[in-house]
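Undergrad:
Number of protein chains: 2
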Amino acid sequence: MQAIRSAMAAMHARSNALPPVSPAVESLVRQVIAQVADKWTMLVLEALEEHGTLRFTEVGRMVGGISQKMLTKTLREMERDGLVIRTVHPVIPPHVDYTLTELGRELSAAFCGVWVWAETYYAEVSAARKAFREREGGA
Amino acid sequence: MQAIRSAMAAMHARSNALPPVSPAVESLVRQVIAQVADKWTMLVLEALEEHGTLRFTEVGRMVGGISQKMLTKTLREMERDGLVIRTVHPVIPPHVDYTLTELGRELSAAFCGVWVWAETYYAEVSAARKAFREREGGA
DNA sequence: TCCTACACTCTCCTTTTGGTGCGTATGGCA
DNA sequence: TGCCATACGCACCAAAAGGAGAGTGTAGGA
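Structure, rendered in structure tokens:
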């Protein structure tokens, strides 16, 4: 974790001080973040990390509460971004497998901390919401 | 990072094996994740982590490209979830300060890994997108 | 012979997201 | 006298997200 912290510090120092990090790169990073910081992407990522290779409907089952449309879209975008590999077996009925790439596994590892945070602090978030409601909602 | 990995493994083992983790908790964690895995939340979190206490318009400037409406909404939700503290100085013209709470700083640290991932691999994501376009778009 | 399974795609619809612009209160500055 | 700055709230609108349900093509089972 300390390594990550110092890496982030370096990143900030760089983006603040040195011109070489162009706005183009900045915008690309933003774009990637915006894409990847998506509810369904995170959930699919976790399902595949946890279970390895899965079929379309299996991913849907593991994630839970996702419509076919969103599942298709999410998986396509993840394939496009190089996070998953989509393998089509040309049989009938159709059979398609999804597996994380190395890039996807790295991202999953990066998201790890957020999952742990949510598991650790969700009770505090609930408490904060309750306090907020009583403070603002009841005023 | 290994510590996080094992924590995540423990989390998975728990959610798969033990009944005590109720669907209520599961849904709460999902809700928190969905809330927090938001583009603007991440960006505001980073701005405040990097610069400490900021005023409303300063946060807007640091984040860049956010409308007042979204900034208000994001900051309010973060306040509600206990991620930021909002301090109103009753003067005219109005003066409001925003600071991360400990919870917010923890979350920021957790997101660190994702920022580093994006900085490290955005070029590979670009390459993957290009390859995908040539593969599918050109077919 | 008809039904089911799979991995979608397509259309229609509702909900959410997000932008723009206007109003506001008032102390200080020109 | 009159305008500016701050941190919004509100109303209106466009665009995107997302859900529900129907259609598809065919091998194999009842």
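Going down the list, the sequences are from chains A and B.
Counting with the numbering used here, you get residues 1 to 139 for the letters of the first sequence.
Counting with the numbering used here, you get residues 1 to 139 for the letters of the second sequence.
Using N, Cα and C, we set each Cβ at its ideal position, and we do this for glycine too.
(1) Using the beta-carbon of each residue, which ones in chain B are nearer than 7 Å to A:S144?
(2) Give every residue of the same chain whose Cβ lies closer than 6 Å to the Cβ of B:F56, excluding the five residues on either side of it in the sequence, and list them in chain order.
(3) Could you tell me whether the Cβ of B:A37 comes closer than 7 Å to any Cβ of chain A?
(4) So which residues of chain B does A:G82 contact, with C-beta pairs closer than 7 Å?
(5) Does the Cβ of B:A37 have 16 or more other Cβ atoms within 10 Å, making it buried, or fewer, making it exposed?
(6) Using the C-alpha atoms, what's the distance from B:E79 back to B:L48?
(7) Taking the beta carbon of A:M8 as the centre, do at least 16 other beta carbons fall within 10 Å, making it buried, or is it exposed?
(8) CA-CA distance, B:M70 and A:H51?
(9) For the region 99-112 of chain B, which residues have a beta carbon sitting closer than 8 Å to at least one beta carbon of chain A?
(10) In or out: A:G65 buried (at least 16 other Cβ within 10 Å) or exposed?
(11) Does the beta-carbon distance from A:T41 to A:T87 come in below 7 Å?
(12) Apply the 10 Å Cβ neighbour rule to B:E134 and answer buried if 16 or more other Cβ atoms are within range, or exposed otherwise.
(13) Nearest to A:V29 by CA position, among B:R61, B:V114, B:K130 and B:L54, is which residue?
(14) With a CB to CB cut of under 7 Å and the five nearest residues on each side skipped, what residues in its chain are close to A:L43?
(15) Identify which residue in B:E58, B:S67, B:S126 and B:L83 has its Cα closest to the Cα of B:R105.
(16) Please list, in chain order, the chain A residues whose beta carbon lies closer than 7 Å to that of B:M42.
(17) Check whether the Cβ atoms of B:T53 and B:T99 sit closer than 7 Å, and answer yes or no.
(18) Opposite A:H89 in the DSSP bridges: which residues?
(19) Counting only beta-carbon atoms, is A:F56 nearer than 7 Å to chain B?
(20) Could you give the distance in angstroms between the alpha-carbon of B:E77 and the alpha-carbon of A:Q68?
(21) Starting from B:L71 and walking both ways along the alpha helix (DSSP H), at which residues does that stretch end?
(22) Using only the alpha-carbon positions, how far apart do A:Y121 and B:L103 sit?
(23) By the three-class DSSP mapping on this structure, what secondary structure does B:L54 have?
(24) Measure the alpha-carbon distance for B:E124 versus B:K130 and round it to whole angstroms.
(25) Measuring straight from C-alpha to C-alpha, what distance separates B:Q31 and A:E136?
(26) Quick check: what's the CA-CA separation for A:E46 versus A:S126?
TA: The relevant details are as follows:
(1) It is not possible to answer for residue 144 of chain A, since the shown part of chain A is limited to 1 through 139.
(2) In the second sequence, residue 56 of chain B corresponds to position 56, counting from 1. Here the set comprises V96.
(3) Here the question's residue 37 of chain B lines up with position 37 in the second sequence. Output row for B:A37: interface = yes.
(4) Here the question's residue 82 of chain A lines up with position 82 in the first sequence. Under the 7 Å cutoff, chain B gives E124, V125 and A128.
(5) As a working mapping, residue 37 of chain B is identified with position 37 in the second sequence. It counts as buried.
(6) Looking up residue 48 of chain B in the second sequence gives position 48. Looking up residue 79 of chain B in the second sequence gives position 79. In a straight line, the C-alpha of B:L48 is about 13 Å away from that of B:E79.
(7) Your numbering for residue 8 of chain A matches position 8 in the first sequence. Any answer about A:M8 is weak, because its pLDDT of 40 lies below 50 and its placement is not dependable; what the coordinates show is given next. Flag for A:M8 reads buried.
(8) To locate residue 70 of chain B, count along the second sequence from 1; it is residue 70. To locate residue 51 of chain A, count along the first sequence from 1; it is residue 51. Their backbone Cα atoms lie some 37 Å apart in a straight line.
(9) L103, E106, L107, A109, A110, F111 and C112
(10) Here residue 65 of chain A is taken as the residue at index 65 of the first sequence, counted from 1. Exposed, by the Cβ-count rule.
(11) Residue 41 of chain A sits at position 41 when you count from the first residue of the first sequence. Residue 87 of chain A sits at position 87 when you count from the first residue of the first sequence. No, Cβ-Cβ distance for A:T41 and A:T87 is not below 7 Å.
(12) Within the second sequence, numbered from 1, the residue matching residue 134 of chain B stands at position 134. Answer is exposed; the Cβ neighbour count stays below 16.
(13) Indexing the first sequence from 1 puts residue 29 of chain A at position 29. The residue with the shortest Cα to Cα distance from A:V29 is B:V114.
(14) Here residue 43 of chain A is taken as the residue at index 43 of the first sequence, counted from 1. Closer than 7 Å at the Cβ level, and outside the excluded window around A:L43, lie V63.
(15) Taking the second sequence and counting its residues from 1, one reaches residue 105 of chain B at position 105. Nearest C-alpha to B:R105 among B:E58, B:S67, B:S126 and B:L83: B:L83.
(16) As a first step, residue 42 of chain B must be located in the second sequence, where it is residue number 42. Those are I33 and A37, listed as they occur along chain A.
(17) Residue mapping note: residue 53 of chain B aligns to position 53 of the second sequence, counting from 1. Residue mapping note: residue 99 of chain B aligns to position 99 of the second sequence, counting from 1. With contacts defined by Cβ atoms closer than 7 Å, B:T53 and B:T99 form a contacting pair.
(18) Start at 1 with the first residue of the first sequence, and residue 89 of chain A comes out as number 89. Answer is A:H95.
(19) Locating residue 56 of chain A in the first sequence gives position 56, where the first residue counts as 1. It does not: the Cβ of A:F56 has no partner Cβ on chain B nearer than 7 Å.
(20) Along the second sequence, one-based indexing puts residue 77 of chain B at 77. Along the first sequence, one-based indexing puts residue 68 of chain A at 68. Across the structure, B:E77 and A:Q68 are spaced so that their CA atoms are roughly 30 Å apart.
(21) Position 71 of the second sequence, counting from 1, holds the residue named residue 71 of chain B. Looking at the DSSP string, the run of the alpha helix (DSSP H) that includes B:L71 is Q68 to R80.
(22) Taking the first sequence and counting its residues from 1, one reaches residue 121 of chain A at position 121. Taking the second sequence and counting its residues from 1, one reaches residue 103 of chain B at position 103. So the alpha carbons of these two residues sit roughly 8 Å apart.
(23) Numbered from 1 along the second sequence, position 54 holds the residue referred to as residue 54 of chain B. The answer is strand: DSSP assigns B:L54 an E or B state.
(24) Position 124 of the second sequence holds residue 124 of chain B. Position 130 of the second sequence holds residue 130 of chain B. Those two C-alpha atoms are separated by around 10 Å.
(25) Position 31 of the second sequence, counted from the start, is the residue given in the question as residue 31 of chain B. Position 136 of the first sequence, counted from the start, is the residue given in the question as residue 136 of chain A. One C-alpha to the other measures close to 21 Å.
(26) The residue given as residue 46 of chain A occupies position 46 in the first sequence. The residue given as residue 126 of chain A occupies position 126 in the first sequence. Looking at the two C-alpha atoms, the distance is approximately 23 Å.
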